[in-house]
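Participant:
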Amino acid sequence: MNGKKVLFVSSELVPYLPENEVSHMSYEAPRMVNSNGGQIRIFMPRYGNINERRHQLHEVIRLSGMNLVINDMDMPLIIKVASIPRERIQVYFIDNEEYFKRKATFADKKGELFPDNDQRAIFFAKGVMETVKKLNWSPDIIHVHGWMASLLPLYLKKYYADEPLFADSKIVLSVYGKTFEGELDKDMIKRIAFDGIPEEEIASLESPSYNNLLKVAVDYSDAIILASEEIPEDLTTHISNQEKPVLEYVPIQEFEEAYANFYKTEVLK
0 MNGKKVLFVS SELVPYLPEN EVSHMSYEAP RMVNSNGGQI RIFMPRYGNI NERRHQLHEV
60 IRLSGMNLVI NDMDMPLIIK VASIPRERIQ VYFIDNEEYF KRKATFADKK GELFPDNDQR
120 AIFFAKGVME TVKKLNWSPD IIHVHGWMAS LLPLYLKKYY ADEPLFADSK IVLSVYGKTF
180 EGELDKDMIK RIAFDGIPEE EIASLESPSY NNLLKVAVDY SDAIILASEE IPEDLTTHIS
240 NQEKPVLEYV PIQEFEEAYA NFYKTEVLK
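If you're matching positions, the sequence shown starts at 0 in numbering that gives the first Met the number 0 and goes up one per residue.
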């Protein structure tokens, strides 16, 4: 990985959110690349339940200030940054008062998904890409973790298809076990279509379930990592029908060599 640039985009990340399969691997994978001489950037949403004072988040004025259009609405983009001290790893946070101020990640106190989660996912995907453009940083690999980040492959291949900064970037998608029940807002497909992405190319999002979100992410990724032991059967079937490199599940204790080899021999070949 020496000298390779890897952009990590994740729904969740320790130590900023509680540890689970997604947040743990979203920390371990960048740490591995960083320790092997790679250059990394990490992006995640700045949820309202992240303690800004404890983790010393601060706004990056030169990167903030633009508006992103979500379904014909101008939504201000705020970029914050913090460092994971023991690893000297910097993390960029995508923030917006409307979408990320609430003191929770994906659901309310009753466990009900937030009704605007689809808009939050669109804003996050576009916010990451616009910020990386401002950084003028061209990644060799973009590694996506978690469903809130799952629209990024689609937006990169369609909305940002003509952006030279990402012309040679390869997208790796880590697929985890099902992390939410039910569906996001039914108008999600229309909101994505507003950005010039044809509805027929994302037809499965007429029913925006976890599995269908990940299927679209699979369709627009270059390589897949099975990051959980248990993944829904129709999702694994969809993956197996793609002619793309797939890394089968490996336990956390063995992931470093497996991921590094996969990056080198399958993604960057």
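Note that CB positions come from ideal geometry on N, CA and C, so glycine has one too.
Which word fits Thr-130, buried or exposed, when buried means at least 16 other C-beta atoms lie within 10 angstroms of its C-beta?
Facilitator: That one is buried.
Participant: Which residues bound the beta strand (DSSP E) around Asp-94?
Facilitator: Note, Asp-94: beta strand (DSSP E), 88–94.
Participant: If you reduce the DSSP assignment to three classes, tell me which class Lys-4 lands in.
Facilitator: Here Lys-4 sits in strand by DSSP.
Participant: For Met-72, count the other beta carbons within 10 Å of its own beta carbon; 16 or more makes it buried, fewer makes it exposed. Which is it?
Facilitator: Answer is exposed; the Cβ neighbour count stays below 16.
Participant: Run through DSSP, which three-state label would Ala-226 get?
Facilitator: Note: Ala-226 maps to coil in three-state DSSP.
Participant: By Cβ distance below 7 Å, which residues in the same chain neighbour Glu-200 in space, the five residues on each side in sequence not counted?
Facilitator: Counting only Cβ-Cβ distances below 7 Å, and skipping sequence neighbours, we find nothing.
Participant: Between Gly-37, Pro-14, Tyr-258 and Gln-241, which lies nearest to Pro-138 when the distance is taken from Cα to Cα?
Facilitator: Taking only the C-alpha atoms, the option nearest Pro-138 is Gly-37.
Participant: Considering only C-alpha positions, which residue in the set Ala-28, Met-147 and Ser-9 is nearest to Glu-253?
Facilitator: The candidate whose alpha carbon is nearest that of Glu-253 is Ala-28.
Participant: Tell me, please, whether the stretch 65–79 touches the stretch 8–22 by the rule of three or more beta-carbon pairs shorter than 8 Å.
Facilitator: With a cut-off of 8 Å, the stretch 8–22 and the stretch 65–79 do not count as touching, because too few Cβ pairs lie within range.
Participant: Does the beta-carbon of Ser-149 have 16 or more other beta-carbons within 10 angstroms, so that it is buried, or is it exposed?
Facilitator: When all chains shown are included, Ser-149 counts as buried.
Participant: By alpha-carbon positions, which one of His-142, Asn-240, Leu-112 and Phe-179 ends up nearest to Tyr-209?
Facilitator: For the residues His-142, Asn-240, Leu-112 and Phe-179, the minimum Cα distance to Tyr-209 belongs to Phe-179.
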